[in-house]
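Numbering (this note's numbering), first residue to last: 4 to 289.
Glycine included, each C-beta is placed from N, C-alpha and C at the ideal position.
Each remark here refers to the structure printed beneath this line.
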Ligand code: AMP
Ligand code: MG
């Protein structure tokens, strides 16, 4: 661990951000930088340094996958619009070799997806062995937007929490480490980011008039996020609560969560499946 990284994180991200029984969404300060003592410049420098560590670990995961290891890591990003999910993918996942990344974004279900169980499209997008999967939104939309907008009756969405826990338990047992990140942006910062989307031609494409409509439902979303954390932060797949008003902080935090998940796999380089000496001789003679 580089010396300055040790001193800048007073408490590891995995500890300070982990959701627990006392996590209250209403009390989250999205501008805070829990566990981190540095400033933006420190954070940006650290992102490059730790991004390289992440990349090296991911390469090992990929190498093992090529040798038949079934294990994978899946980063799940959930957050309100403008929380910075896309930027997280570009700036954190952007450090790793794209061929080792299985990325999926989940929007409003297509007519075909609507005809299936909500986990159908999720199952199809799960990372293969050796891959780093990234979900930009996920099955949690089906207990968030679906709950807030009564897209299904309450008897239906209320049964989904336990169904999701069971689904994730099986995923974890079959070798997928889940890194679930709940991204929290403040109502004010969201307003600022939406305003920017209206001011800048390079951001018009991100603007969706529906996002302003959703702002009126902020308390209902807060409630739905609270229920999600209360009911689906399990030992096998805990939630991490990441304040996102400062993008530099959320990015270094998620980088650390991924580094931790990959480190816990305790990966080594896969051994050669050929005779090294024989191959050296063959190469020399060729
Ligand atoms: P974006 O991430 O900005 O492309 O927006 C995707 C939109 O799809 C968001 O408004 C989500 O709430 C919505 N969405 C994602 N999953 C579902 C779902 N299962 N049911 C309804 N809406 C969804
Ligand atoms: Mg959007």
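| said: For ligand 2, is there any heavy atom lying closer than 8 Å to the beta carbon of residue 206? | reply: no
| said: By the DSSP assignment, the beta strand (DSSP E) with residue 242 in it spans what residues? | reply: Residue 242 -> beta strand (DSSP E) spans 242-246.
| query | Whose CA, out of 146, 47, 63, 170, lies closest to the CA of residue 233? | reply | 146
| Buried or exposed: residue 207, going by 16 or more other Cβ atoms within 10 Å of its Cβ? | exposed
| said: Can you check which of these residues, 284, 286, 246, is closest to residue 27 by C-alpha distance? | reply: Taking only the C-alpha atoms, the option nearest residue 27 is 246.
| field | DSSP state of residue 266 mapped onto helix, strand, coil | value | Helix.
| message | Quick check: is any heavy atom of ligand 2 less than 8 Å from the C-beta of residue 194? | response | No, ligand 2 has no heavy atom inside 8 Å of this Cβ.
| When DSSP labels each residue in this structure, what does residue 152 get in the three-state scheme? | If DSSP states are grouped into helix, strand and coil, residue 152 belongs with coil.
| In whole angstroms, what separates the C-alpha of residue 170 from that of residue 150? | A direct Cα-Cα distance of roughly 19 Å separates residue 170 from residue 150.
| query | Should residue 145 be counted as a contact of ligand 1 given a C-beta to heavy atom distance under 8 Å? | reply | yes
| said: I need the straight-line Cα distance from residue 189 to residue 36, nearest angstrom please. | reply: 14 Å
| field | Residue nearest to residue 74 in terms of C-alpha spacing, selected from 12, 269, 13, 277 | value | Selection 12, 269, 13, 277 evaluated against residue 74 yields 269 as nearest (Cα-Cα).
| query | Rounded to whole angstroms, how far is the Cβ of residue 64 from the Cβ of residue 256, which I believe are closer than 8 Å? | reply | Distance from residue 64 to residue 256 at the Cβ level is roughly 20 Å; contact not present, criterion being Cβ atoms closer than 8 Å.
| query | Heavy atom of ligand 1 less than 8 Å from the Cβ of residue 163, yes or no? | reply | no
| request: With a threshold of 16 other CB atoms inside 10 Å of the CB of residue 99, please say whether the residue is buried or exposed. | output: buried
| Where DSSP assigns a beta bridge to residue 19, which residues make up the other side? | The partner list for residue 19 (beta bridge, DSSP) is empty, contrary to what the question assumes.
| request: Give the range of the alpha helix (DSSP H) segment to which residue 61 is assigned. | output: 43-69
| said: Among 241, 85, 14, whose alpha-carbon lies nearest the alpha-carbon of residue 218? | reply: 85
| field | Close-in-space but distant-in-sequence residues of the same chain around residue 13 (CB under 7 Å, 5 per side omitted) | value | 38, 40
| query | Under 8 Å from any heavy atom of ligand 2, does the C-beta of residue 84 make it? | reply | yes
| field | Identity of the residue in 93, 106, 107, 213 nearest residue 253 by Cα | value | Checked all of 93, 106, 107, 213; the closest Cα to residue 253 is 93.
| query | Taking all protein chains shown into account, do 16 or more other C-beta atoms lie within 10 angstroms of the C-beta of residue 259, making it buried, or fewer, making it exposed? | reply | buried
| task | Kindly identify the DSSP beta-bridge partner or partners of residue 137. | result | 78, 106
| query | With residue 142 and residue 122 assumed to form a contact (beta carbons below 8 Å), what rounded beta-carbon distance in angstroms separates them? | reply | 6 Å
| message | Measuring straight from C-alpha to C-alpha, what distance separates residue 6 and residue 16? | response | Summary for residue 6: the model assigns pLDDT 49, below 50, so the residue's position carries little reliability, and this model does not support an answer.
| request: Sort out for me which residues DSSP pairs residue 181 with in a bridge. | output: 77
| query | Are the CB atoms of residue 264 and residue 231 nearer to each other than 9 Å? | reply | no
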